[in-house]
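Everything on this sheet refers to the single structure shown next.
Numbering (my numbering), first residue to last: 8 to 186.
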């Protein structure tokens, strides 16, 4: 876009041109959009995630050959059934970029998966932004204790006592009496 102005002045019978002025106006804007990030927790071991557990990671978007990252933190509320984790919204992401997430802090999951979305700058309603789903799967583990006695004593000991304690993400895991 530009704006130019020129004129001729007349003094008596003499015409004099006025130097043209050019007011160039140029602006460039990057088309941007957004996405929403939801966290799902699955598996039989998910019930042991402590309330207030933070999940940290990075949103990673790639547009052409450029990569941008943004940090995020999601916090689980296990006082509700099922447990809830608020959806995060990210704005001002490059239009056409492909985005996914990674977790940077180990949270005890057996595995995690994340979907990938493409940013559409034509979507302006945050409720309609594409949704990246990050799923952590928690499976139960087992523990088996055994004792081998090697002795030359005539009486072989048969009673041994032991205790087991387990923690998960810094919190004690309750064990049944038979465990």
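C-beta atoms are modelled at their ideal positions from N, C-alpha and C, and glycine is treated no differently. Please read these numbers as outputs of a predicted model, since none were measured by experiment.
>> Determine whether the beta carbon atoms of residue 145 and residue 115 lie at a separation below 8 Å.
In response: yes
> Quick one: what does DSSP say residue 20 is sitting in, helix, strand or coil?
Replying inline: coil
> Which of helix, strand or coil does DSSP assign to residue 169?
Replying inline: coil
>> Using the Cβ count rule (16 or more neighbours within 10 Å means buried), how would you classify residue 8?
In response: Residue placement at residue 8 is flagged as unreliable, the pLDDT there being 49, under the threshold of 50; a coordinate-derived value is accordingly withheld.
> At which residue ranges does the region 47-86 contain complete alpha helix (DSSP H) runs of 4 or more residues, listed in the order of the chain?
Replying inline: none
> Alpha carbon to alpha carbon, what distance is there between residue 143 and residue 93?
Replying inline: 15 Å
>> I need the straight-line Cα distance from residue 39 to residue 111, nearest angstrom please.
In response: 26 Å
> When DSSP builds the beta bridges, which residues end up paired with residue 104?
Replying inline: Paired residue(s): none; residue 104 is not in a bridge.
> For the putative contact between residue 67 and residue 73, defined by C-beta atoms under 8 Å, what is the C-beta separation to the nearest angstrom?
Replying inline: The pair is not a contact, with the Cβ atoms about 11 Å apart (cut-off 8 Å).
> Considering residue 120, what are the terminal residues of the beta strand (DSSP E) in which it resides?
Replying inline: Start and end: 118-121.
> If you draw a straight line from the alpha carbon of residue 180 to that of residue 173, how long is it in whole angstroms?
Replying inline: 5 Å
> How far does the beta strand (DSSP E) with residue 127 in it reach, from first residue to last?
Replying inline: First-last for residue 127: undefined, no H or E at that position.
> Excluding sequence positions up to five away, which residues of its chain have a Cβ less than 6 Å from the Cβ of residue 99?
Replying inline: 39
> Within 10 angstroms of its Cβ, does residue 204 collect 16 or more other Cβ (buried), or is it exposed?
Replying inline: Residue 204 falls outside the range modelled here, since the chain spans only 8 to 186, and no answer is possible.
>> I'd like to check one pair, residue 41 with residue 70: are the Cβ atoms closer than 8 Å?
In response: Not closer than 8 Å, so no.
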